[in-house]
Amino acid sequence: MADPTHAYVKLKEKIQTHPGETVRIRHVAELVTNSPSETAIQDTALHTLRPQDGNRYVVDIIQVIEALQHKHPTLLVHNIGAERMIVEVLTPRKKISMLLVLFVWIVLFIGSGLAIMNFHTDVSMPEVHERIYELITGKKNSHPLIIQIPYSFGVGAGMILFFNHLFRKRFNEEPSPLELEMFLYQQNVDDYVLANEATGAKKE
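Each residue of the sequence shown is one higher than the last, beginning at 0 in numbering that gives the first Met the number 0.
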């Protein structure tokens with residue numbers, strides 16, 4: 000008697016593809032099998048993306064098992080990973096307007112400048128600089144530029160080091176705080192989609 004044919008399936012967390020593409024097992028999952036027809040199993044079609052699927056299509060492990068057993072009835076499928084994953088449908092990006100980029104840059108520049116000035120006003124930074132100058136030199140000076148100028152450069156350098164970027168230059172391999180926030184936001188969006196959106200099988 001021949002040994003039964005097994006397939007061990009582990010869904011990926013998320014993949015990206017284009018509208019109209021046919022999603023196959025090898026796209027959405029890692030699969031190991033003792034079947035000699037491994038390539039055919041990997042190429043089993045799950046779904047062809049349609050406009051009504053939107054920009055996210057949720058694949059359930061049940062949908063994967065049904066597709067595999069429909070094409071390969073003798074295959075015993077074992078799930079060893081997550082129960083759902085997301086297929087993100089990429090749409091063509093619109094050309095970015097340089098005027099819009101310039102407008103956003105100006106708004107952010109003014110906003111960040113005002114935020115820094117308001118903070119310095121709240122903590123009485125000018126008076127602190129005057130006091131530090133007086134303690135060091137023994138003289139009073141209402142405009143201690145020798146302290147204020149290096150301090151201003153220090154604020155800028157500190158921001159660059161904190162965000163770990165100078166234009167496209169990266170100082171080390173650690174993610175910046177902004178990248179971490181974007182990662183956490185995307186993770187929360189994906190978790191929400193997995194928890195609340197109907198799977199592709201239910202939509203059909």
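For every residue, glycine included, the Cβ atom is placed at its ideal position computed from N, Cα and C.
With respect to the beta strand (DSSP E) encompassing residue 78, which residues constitute its N-terminal and C-terminal limits? Going by DSSP, residue 78 is part of the beta strand (DSSP E) stretching over 74-78.
Applying the criterion that 16 or more other CB atoms from any shown protein chain within 10 Å of the CB defines a buried residue, is residue 0 buried or exposed? Note that residue 0 scores 44 on pLDDT, short of 50, meaning its location in the model is unreliable and no value can be drawn from it.
In whole angstroms, what separates the C-alpha of residue 188 from that of residue 3? Cα to Cα, residue 188 sits roughly 40 Å from residue 3.
Residue 142 classed as buried or exposed, judged by whether at least 16 other C-beta atoms fall within 10 angstroms: Exposed, by the Cβ-count rule.
How big is the Cα-Cα spacing for residue 117 and residue 139? The alpha-carbon atoms of residue 117 and residue 139 are separated by roughly 25 Å.
Reduced DSSP category for residue 0 - H, G, I as helix; E, B as strand; rest coil: Caution is warranted here: a pLDDT of 44 is assigned to residue 0, below 50, making its placement in the model unreliable, and the coordinate value is therefore given only provisionally. Reduced to three states, the DSSP call for residue 0 is coil.
Please report how far the alpha carbon of residue 132 lies from the alpha carbon of residue 108, in whole angstroms. Going by the C-alpha atoms only, they are around 30 Å apart.
Compute the distance between the beta-carbons of residue 90 and residue 54, then report whether it is under 8 Å. Taking 8 Å as the Cβ cut-off, residue 90 and residue 54 qualify as a contacting pair.
At which residues does the beta strand (DSSP E) containing residue 45 begin and terminate? Boundaries of the beta strand (DSSP E) around residue 45: 44-47.
Through-space distance from residue 17 to residue 88, alpha-carbon basis: Rounded to the nearest angstrom, the two C-alpha atoms are 5 Å apart.
Secondary structure of residue 65, DSSP reduced to three states: Here residue 65 sits in helix by DSSP.
Backbone CA spacing between residue 26 and residue 41 [nearest angstrom]: Going from the Cα of residue 26 to the Cα of residue 41 covers about 8 Å.
Strand pairing of residue 59, partner residues [DSSP]: For residue 59, which the question treats as bridged, DSSP gives the partners 83.
Determine the DSSP secondary structure at residue 94, reduced to helix, strand or coil. Judged by DSSP in its simplified three-state form, residue 94 adopts coil rather than helix or strand.
With three or more C-beta pairs closer than 8 Å as the rule, is the region 66-82 touching the region 97-114? For the pair of segments examined, the region 97-114 was found not to touch the region 66-82: the number of CB pairs separated by less than 8 Å stays below three.
In its own chain, which residues sit with a C-beta less than 7 Å from the C-beta of residue 162, not counting the 5 before and 5 after it? Cβ contact annotation for residue 162 (same chain, cutoff 7 Å, sequence separation greater than five): 175, 176, 177, in chain order.
To the nearest angstrom, how far is it from the Cα of residue 51 to the Cα of residue 68? Rounded to the nearest whole angstrom, the C-alpha separation of residue 51 and residue 68 is 27 Å.
Closest to residue 9 by C-alpha separation, out of 66, 192, 24, would be which residue? Comparing Cα positions, the closest option is 24.
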